[in-house]
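These notes are about the structure you will find just below.
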Amino acid sequence: MPPRKRADARRNEETLLTAAAAVFVEAGVEAPVRAIAARAGVGVATIYRHFPTRADLIVAVFRHQVESCADAAPELLARHESPYDALVAWIDLFVDFVATKHGLAEVLQSDADAFGALHTLFLDRLVPACVGLLDAARAAGEVRGDVGAEALLRSVGNLCAGGASPGYEPRRMVGLLVAGLRA
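Following this line, the structure appears as structure tokens:
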């Protein structure tokens with residue numbers, strides 16, 4: 199087991215990963231490292247010290263996005279009055295993740311081992327998070343019971359993937375899908 203990082207080192211790494219994710223969404227995964235460094239407020243050498251290769255950075259961004267999205271589910275459930283509202287808020291975070299993921303997935307597919315491990319992480323962390331939210335919303339009588347977490351996540355992903363055409367609003371389409379879950 200690797201040694202735990204200091205709190206400030208974890209915060210710095212999170213800042214780098216958040217900045218990288220934002221730059222990847224705006225400019226693609228081939229964006230210059232200096233753009234990521236500028237967004238994070240650090241020097242380029244700091245990024246290379248944490249992530250020696252672009253692939254290391256891409257894998258770390260993907261992992262960070264998965265973990266952040268998964269960890270948000272119970273927090274949202276505790277914070278919202280309605281489990282359905284928590285589900286809607288979580289799906290909104292998932293849409294942000296999917297926007298980042300599409301560019302990352304294309305690059306990662308060249309490394310089958312890394313891509314397979316990340317896909318497994320995706321399933322192991324995000325499906326249970328979605329199951330927990332759906333179960334809570336079902337128990338409250340707020341959503342129908344015939345939609346599973348994997349089908350919902352796949353549907354959201356597919357709606358987000360269609361966003362290349364002008365005027366297409368994936369968030370609006372996902373909103374319609376999630377509204378259709380109501381009991």
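In my numbering, the protein residues as written are 199 to 381.
No residue lacks a Cβ here, since even glycine has one placed at the ideal position from N, Cα and C.
In this structure, the CA atom of F320 is about 6 Å from the CA atom of V264.
Pairing C328 with L357 gives a Cβ-Cβ distance that is not under 8 Å.
Each of R252, V257, L374 and A205 was checked against the Cα of A229, and the nearest Cα belongs to R252.
Non-local beta-carbon contacts of A287 in its own chain, meaning distances under 6 Å to residues more than five positions away in sequence, involve L274 in chain order.
Cβ-Cβ separation between V227 and I256: approximately 6 Å, consistent with a contact (criterion under 8 Å). Residue nearest to F295 within the set G314, D254, G241 and V354 is V354 (criterion: CA-CA distance). Looking at the DSSP output, V341 sits in a beta bridge with R380.
Bounds of the alpha helix (DSSP H) holding P272 are R252 to R277. One thing to note: R352 has its Cβ no nearer than 8 Å to the Cβ of A268. Taking the Cβ atoms as the reference, L331 lies roughly 6 Å from A271, within the contact range of under 8 Å. Separation of A217 and V293 (C-alpha to C-alpha, rounded to the nearest whole angstrom) is 17 Å.
Annotation: V376 to R204 spans about 39 Å, alpha carbon to alpha carbon. The three-state reading of DSSP puts V227 in coil, since its state is none of H, G, I, E or B. Selection F260, A337 and H262 evaluated against A381 yields A337 as nearest (Cα-Cα).
Scanning its chain for C-beta atoms nearer than 8 Å, with the 5 sequence neighbours on each side dropped, one finds around V325 the residues A347, E348 and L351, in chain order. Between R342 and L379, the alpha-carbon positions lie close to 6 Å from each other.
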